[in-house]
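Asks:
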Amino acid sequence: MLVTSVVGARPQFVKLAPVAEALAEAGINHRIIHTGQHYDERMSQAFFTDLVIPAPDHNLAVGSGGHGAQTGEMMIRLEPVLEQDRPDWVLTYGDTNSTLAAAVVAVKLHLPLAHLEAGLRSFNRRMPEEHNRVLTDHASDLLLAPTQLAMANLAGEGLGAHSRLVGDVMADVCLRVARTAGAAPLPDGLDPGAPYVLATIHRAENTDDPDRLAAILGALRAQPIPVVLTAHPRLVAKCAAAGIDLGGGSLLVAEPLGYPDMVAAVRGAAAVVTDSGGLQKEAYLLGTPCTTVRTETEWVETVAAGWNRLDPELSQVDTWAAPPRPAAASRDLYGDGHAAQAVAAALTSAG
Ligand code: UD1
């Protein structure tokens, strides 16, 4: 059996790591296509190196662009590769433009399509990620869901018969890396041992409107303790375009971190402020309370458990550095770290 994974953006490389290992352990032939959506060393190659992921068999080098141009170029470059290999499964990950491009090409070529992280919903149709995951779920032959809620969402859309609960592969890699991660390399000017907030902001809804972007950065600058902002290239580009200075006040701007360093930085932080999906969950897994600067989250379990809260209106800025911490010690909502083996088993039994 041949499984071809299609990935392109940073969080997809993280999910690919445990899946590639589990497929190899199960003796499944696996090829990797990198669309090139993310291409900076710190956004791409660093993850393959740190997480010991096999080098991609193909890099389509598509790069950045508008949604149509980027997704269309990926489809143009994916089609001949998938047609030549004709894998038994095209495996897609999450909700990026790379996922949607692979889904459309696979169904047009009549290749079986599996979607990992199926069934997540924000119910916010203004998010590009929501279009990508809904369209991919409805094109897929096998829906690999991380949570019971994702399974319920899929059943509600008539997709229950093709859905399997496999757990969350990001928990696999996060828990494993946390066992060996050392101290985080934090920016100059930060006292080792002093409390800090770890922040990331990159979503279109927070970066594309200069007023919104300025308000979020102003709130981070005004925090009473240092804020380490690991800056996604999209944030840097949008600030430059809007003439907004990224630093100032409590803000210490850092380059994007590799995965083990990010795990260490989250674990060592007093609090996380983010609009990233993955980071909300990593904060939960590592026991750091999180504020999410969005109107909704796909990872509602983290909110229900008291480790995460939504602050779209920036009305809780006063407690971003010291959010409430739940009393419950257990943090096992996303499985015990063996979801990738369940993915390999589901692909084998459904193939
Ligand atoms: C993409 C995903 C988003 C995911 C995020 C993780 C879509 C629609 N969005 O958003 O779901 O949460 O990845 O990071 O697929 N850039 C660089 N170097 C890079 C990559 C990007 O400079 O290596 C800059 C470019 O200015 C580019 C911008 O970042 O235009 C946005 O990149 P893009 O891949 O379009 O979307 P992300 O914001 O990264």
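Here the sequence shown is numbered in my numbering, starting from 7 and rising by one per residue.
Each residue gets a CB set at the ideal place from its N, CA and C atoms; glycine is no exception.
1) Start and end of the beta strand (DSSP E) containing S321?
2) Got a sec? Which residues, its chain only, sit under 7 Å from A23 by beta carbon, not counting five neighbours each side?
3) Mind checking P130: buried by the 16 CB within 10 Å criterion, or exposed?
4) In this structure, how does DSSP classify S11 when only helix, strand and coil are distinguished?
5) Considering Cα atoms alone, identify which of V349, E85, G283, G74 is closest to T301.
6) Quick check on Q90: buried or exposed, where buried means 16 or more other Cβ atoms within 10 Å of its Cβ?
7) Could you tell me the alpha carbon to alpha carbon distance between H44 and N65, rounded to whole angstroms?
8) Could you check whether the Cβ of E135 sits closer than 7 Å to any heavy atom belonging to ligand 1?
9) Residue range of the beta strand (DSSP E) that T280 falls in?
10) With a CB to CB cut of under 7 Å and the five nearest residues on each side skipped, what residues in its chain are close to P191?
11) Just curious, the alpha helix (DSSP H) that N103 is in, first and last residue?
12) Taking 7 Å as the limit between beta carbons, can you name the residues of its chain near R227, skipping five residues before and five after?
13) For a test of the three-state rule: what should DSSP assign to S336, helix, strand or coil?
14) Do D56 and ligand 1 come close, with the Cβ less than 7 Å from some heavy atom?
15) Counting only the same chain and skipping the five closest in sequence on each side, list residues whose C-beta sits under 6 Å from that of P201.
16) Grouping DSSP H, G and I as helix and E and B as strand, with all else coil, what is Y265?
17) How is R83 classed by DSSP in three states: helix, strand or coil?
18) Check this for me: beta carbons of A189 and A270, under 8 Å apart or not?
19) Beta strand (DSSP E) containing Y99: first to last residue?
20) Rounded to the nearest angstrom, what separates K287 and G100 at their Cα positions?
21) Which runs of the alpha helix (DSSP H) at least 4 residues long sit entirely within the region 38-81? Give them in chain order.
22) Are the Cβ atoms of L84 and I222 separated by less than 8 Å?
23) Hey, is A243 close to ligand 1, as in C-beta under 7 Å from one of its heavy atoms?
24) Given this structure, state the Cα-to-Cα distance separating Q51 from D317, to the nearest angstrom.
25) Could you compute how far the alpha carbon of R92 sits from the alpha carbon of H116?
26) Mind checking whether L141 and H121 have CB atoms under 8 Å apart?
Replies: Taking the geometry as given:
1) It is not in any beta strand (DSSP E) - S321 carries neither H nor E in the DSSP assignment.
2) L57, I59, V179
3) According to the sequence displayed, residue 130 carries Asn and not Pro. Exposed, because fewer than 16 other Cβ atoms sit within 10 Å of the Cβ of N130.
4) strand
5) G283
6) exposed
7) 11 Å
8) yes
9) 277-280
10) D267
11) 103-114
12) G254, G255, S256, L257
13) coil
14) no
15) I231, A276
16) helix
17) helix
18) yes
19) 95-99
20) 14 Å
21) 51-56
22) no
23) yes
24) 33 Å
25) 9 Å
26) no
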